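In our numbering, each number is its position in the sequence shown, counted from 1, plus 217. Note that beta-carbon positions come from the ideal geometry of N, C-alpha and C, so glycine has one too. Since we're looking at a predicted model, the values are computed, not measured. What follows is a short report on a single structure.
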Amino acid sequence: MPLPQRLAPQKPQKQKIARLKTLLELITHEIQHHQRNECDITVQKHISQWNEIAVRTFEFHEFRDYPSWISEQDFICSALLQSTYIDDLKFDELVMIVDFICSAEGSEAEQGHALELLDINFPNANASDLIYWPDEWFNNEEIDDEFSAEEIACYLCLHSGRILANTPEIALRYPLPK
Numbered sequence: 218m219p220l221p222q223r224l225a226p227q228k229p230q231k232q233k234i235a236r237l238k239t240l241l242e243l244i245t246h247e248i249q250h251h252q253r254n255e256c257d258i259t260v261q262k263h264i265s266q267w268n269e270i271a272v273r274t275f276e277f278h279e280f281r282d283y284p285s286w287i288s289e290q291d292f293i294c295s296a297l298l299q300s301t302y303i304d305d306l307k308f309d310e311l312v313m314i315v316d317f318i319c320s321a322e323g324s325e326a327e328q329g330h331a332l333e334l335l336d337i338n339f340p341n342a343n344a345s346d347l348i349y350w351p352d353e354w355f356n357n358e359e360i361d362d363e364f365s366a367e368e369i370a371c372y373l374c375l376h377s378g379r380i381l382a383n384t385p386e387i388a389l390r391y392p393l394p395k
């Protein structure tokens, strides 16, 4: 199930993508081929230029480590995808976001955008742990159940204290963790 249209990330501008690609190549080259660290002036300058374009501040370790977990293209796109708080978020849209993540649709950048939407709209609910490691989220090693997108959405609402206007009554299998 795709993200609802109004929640889908905007297509980044081609010139921004091109500039970030150039900067990423420079930063990566300095780190990998010249063994530069976060104190290096050249690396700092390029990261600063990157951060002027990106929607959030990136740190040295992200440039050093990204090749082990995300493609270059998705890393660049993730720097340009803005996630925001949505005042009028509907429960069915929340379920669609959760389903998008659980079914591993889209690129790594789009998955990151969807998780960030949950983190921004349901603060302190720790959505990624609930989705990927529910036993950790519930502090109960015996939980190995798979939860429906609706159940996950309800737990996020209850745990964060943000109850959406059209949230249905769903019998939840486990109490909220303390």
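| request: Leaving aside the five residues before and after L375 along the sequence, list all residues of the same chain whose C-beta is less than 7 Å from its C-beta, in chain order. | output: L393
| Check whether A326 and D291 have beta carbons under 8 Å apart | yes
| query | Anyone know if the C-beta pair for R281 and I248 falls short of 8 Å? | reply | Yes, these two residues count as a Cβ contact at 8 Å.
| task | Using 10 angstroms around the beta-carbon of G329, count the other beta-carbons present and answer buried if the total reaches 16, otherwise exposed. | result | buried
| query | Over what stretch of residues does the alpha helix (DSSP H) that includes M313 continue unbroken? | reply | 308 to 319
| request: Would you grab the beta carbon distance between F317 and P385 for me? Rounded to a whole angstrom, and I think it's under 8 Å. | output: Actually they are not in contact, since the Cβ atoms of F317 and P385 sit about 20 Å apart, beyond 8 Å.
| task | Quick one: grab the DSSP three-state call for E358. | result | coil
| task | Please state whether DSSP places R273 in a helix, a strand or coil. | result | coil
| task | Note down, one range per segment and in chain order, each alpha helix (DSSP H) of at least 4 residues found wholly within the region 222 to 253. | result | 231 to 250
| task | Compare the beta carbon distance of E276 and L241 with 8 Å and say whether it is the shorter of the two. | result | no
| 6 Å CB neighbourhood of R358 in its chain, flanking five on each side removed | Looking at the sequence provided, one finds Glu at residue 358 rather than Arg. These residues qualify, in order along the chain: D352.
| query | Is the distance from the Cβ of I287 to the Cβ of I264 below 8 Å? | reply | no
| First through last residue of the alpha helix (DSSP H) which encompasses E325 | 325 to 338
| Does DSSP put N268 in a helix, a strand or coil? | In the structure shown, N268 sits in a helix (DSSP, three-state: H, G or I).
| query | Which of the three DSSP states, helix, strand or coil, is assigned to E367? | reply | Three-state DSSP puts E367 in a helix.
| query | Who are the Cβ neighbours of Q266 in its own chain at under 7 Å, not counting the five residues just before and after it? | reply | L240
| request: Would you decide whether W350 is buried or exposed? Buried here means 16 or more other CB atoms lie within 10 Å of its CB. | output: exposed
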